[in-house]
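Enquirer: Can you read through this structure? Questions will come right after.
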Amino acid sequence: MSSSNPDITGVILVGGQSRRMGTDKAFLDLDGRPLIERALEVCREVCGTVLLVGNRPERFGAYALPMVADIYPGSSLGGLYTGLSHAITPAIFAIPCDIPFPNAAIMQYLISRRDDYDAVVPITAHGAEPLFAVYAKACLEPMRQMLETGNVRINDLYSHVRTRYVEKAELNALDPSGTSFLNLNTPDDYERARGK
1 MSSSNPDITG VILVGGQSRR MGTDKAFLDL DGRPLIERAL EVCREVCGTV LLVGNRPERF
61 GAYALPMVAD IYPGSSLGGL YTGLSHAITP AIFAIPCDIP FPNAAIMQYL ISRRDDYDAV
121 VPITAHGAEP LFAVYAKACL EPMRQMLETG NVRINDLYSH VRTRYVEKAE LNALDPSGTS
181 FLNLNTPDDY ERARGK
């Protein structure tokens with residue numbers, strides 16, 4: 001099946017330590033499928049290519065996808081920078097491996113709003129969602145400068161690039177269940193997702 005956005009690379013972030021969960025979140029089973037496969041499915045539907053960012057190639061070899069190690073290990077901003085650096089497309093869609101209900105319609109909507117912007121970031125009741133967002137190559141240099149100075153707060157990036165925030169009201173119709181931005185950090189989170 002051809003992607004609807006050949007100029008976008010789906011970057012799945014698989015480098016987290018999963019400390020609070022106690023097990024590798026990418027392989028948590030939900031309805032008979034590991035979380036990584038849910039992220040991969042929507043990326044293949046929406047994006048032209050898919051790239052994994054993390055430092056454990058032995059865990060993900062079965063997926064036969066390119067995997068790159070973090071250039072600046074230890075932070076989500078470093079993961080974004082690594083994925084954007086290695087992407088051959090002008091922009092990426094970043095997605096974490098621990099999102100149980102990734103929504104292709106929301107991904108498409110965010111991508112469709114990127115014309116003249118370097119970052120397109122959804123806003124939910126919990127604030128900005130920087131790890132389910134669009135980033136263009138113009139973000140690389142500001143990201144690098146932040147990482148070099150030890151600032152890994154992704155939200156600080158947005159004042160240095162042309163950022164389009166997509167408010168919750170814009171997304172409500174695409175997310176009727178309100179679950180599209182859940183991510184699983186703890187065993188309690190996992191149990192709640194299994195109950196949905």
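Reading the sequence shown from the start, the letters are residues 1 to 196 in full-length UniProt numbering. Idealized CB from N, CA, C, for every residue including glycine. Treat the numbers as computed from the prediction; the structure is a model and nothing was measured.
#1: How many Å lie between LEU35 and CYS97 at the Cα?
#2: May I have a chain-ordered list of the alpha helix (DSSP H) segments no shorter than 4 residues that lie completely inside the stretch 74-120?
#3: Compute the Euclidean distance between the alpha carbons of GLY48 and ASN151, then round it to the nearest angstrom.
#4: Compare the Cα-Cα distances from ASN155 to each of ASP175, LEU131, ALA138 and report the closest residue.
#5: In the DSSP assignment, what residue or residues form a beta bridge with GLY127?
#6: Who are the near neighbours of MET1 in its chain, counting only those whose CB is closer than 6 Å to its CB and skipping five residues on each side?
#7: With a cut-off of 8 Å, do at least 3 Cβ pairs link the stretch 156-172 to the stretch 115-125?
#8: Mind pulling the beta strand (DSSP E) runs of 3 or more residues that sit fully within the stretch 130-177?
#9: Whole angstroms are fine: how far does the CA of PRO102 sit from the CA of ALA69?
#10: Since LEU13 is in the beta strand (DSSP E), which residue starts that stretch and which ends it?
#11: Of the choices ARG113, ASN55, GLU37, LEU13, whose alpha-carbon is the least far from that of GLU170?
#12: Between the alpha carbons of LEU41 and TYR63, how many angstroms are there, rounded?
#13: Please identify the residue among ILE99, ILE88, GLU129, LEU147 whose C-alpha is closest to the C-alpha of SER75.
#14: Which value, in whole angstroms, describes the spacing of the CA atoms of MET143 and ASP115?
#15: Using the Cα positions of LEU65 and GLN145, report the straight-line distance between them to the nearest angstrom.
#16: DSSP state of PRO66, grouped into three classes?
#17: On the DSSP letters alone, give me the boundaries of the beta strand (DSSP E) that LEU51 sits inside.
#18: Spatial neighbours of ALA133 within its chain, please: CB distance less than 8 Å, with the 5 preceding and 5 following residues excluded, ordered by chain position.
#19: Helix, strand or coil: which one does DSSP assign to ARG59?
Expert: So, from the listed chains and residues:
#1: As a first step, residue 35 is located in the sequence shown; it is residue number 35 there, counting from the start. As a first step, residue 97 is located in the sequence shown; it is residue number 97 there, counting from the start. Rounded to the nearest angstrom, the two C-alpha atoms are 6 Å apart.
#2: Listed in chain order, the complete alpha helix (DSSP H) runs (minimum 4 residues) inside the stretch 74-120 are 76-86, 104-112.
#3: The residue you call residue 48 lines up with position 48 of the sequence shown. The residue you call residue 151 lines up with position 151 of the sequence shown. Straight-line Cα distance between these residues: approximately 31 Å.
#4: Walking along the sequence shown from the start, residue 155 turns up at place 155. For the residues ASP175, LEU131, ALA138, the minimum Cα distance to ASN155 belongs to LEU131.
#5: Locating residue 127 in the sequence shown gives position 127, counting from the first residue. THR124.
#6: Residue 1 sits at position 1 when you count from the first residue of the sequence shown. Bear in mind that the predicted position of MET1 carries a pLDDT of just 40, short of 50, making it unreliable; the figure below should be weighed with that in mind. Cβ neighbours of MET1 within its own chain (closer than 6 Å, five residues either side excluded): none.
#7: Between the stretch 156-172 and the stretch 115-125 there are three or more inter-stretch CB-CB distances shorter than 8 Å, so the stretches are counted as touching.
#8: Qualifying beta strand (DSSP E) stretches, in chain order: 133-136, 163-166.
#9: Here residue 69 refers to the residue found at position 69 when the sequence shown is read from its first residue. Here residue 102 refers to the residue found at position 102 when the sequence shown is read from its first residue. Approximately 24 Å, taken between the alpha carbons.
#10: Here residue 13 refers to the residue found at position 13 when the sequence shown is read from its first residue. 8-13 is the span of the beta strand (DSSP E), which, as asked, contains LEU13.
#11: In the sequence shown, the residue the question calls residue 170 occupies position 170. Closest by alpha carbon: ARG113.
#12: As a first step, residue 41 is located in the sequence shown; it is residue number 41 there, counting from the start. As a first step, residue 63 is located in the sequence shown; it is residue number 63 there, counting from the start. The sequence as given places Glu at residue 41; Leu does not occur at that position. Cα-Cα distance, rounded: 12 Å.
#13: Position 75 of the sequence shown, counted from the first residue, corresponds to residue 75. The option with the nearest alpha carbon to SER75 is LEU147.
#14: One-based indexing of the sequence shown puts residue 143 at position 143. One-based indexing of the sequence shown puts residue 115 at position 115. Going from the Cα of MET143 to the Cα of ASP115 covers about 20 Å.
#15: Locating residue 65 in the sequence shown gives position 65, counting from the first residue. Locating residue 145 in the sequence shown gives position 145, counting from the first residue. Taken atom to atom, the span from the alpha-carbon of LEU65 to that of GLN145 is near 29 Å.
#16: Numbered from 1 along the sequence shown, position 66 holds the residue referred to as residue 66. Here PRO66 sits in coil by DSSP.
#17: Indexing the sequence shown from 1 puts residue 51 at position 51. Element bounds for LEU51: 49-53.
#18: In the sequence shown, the residue the question calls residue 133 occupies position 133. The answer, listed in chain order, is PHE93, ALA94, LEU110, ALA119, VAL120, VAL121, PRO122.
#19: Residue numbering aside, residue 59 sits at position 59 when the sequence shown is read from its first letter. ARG59 falls in the helix class under three-state DSSP.
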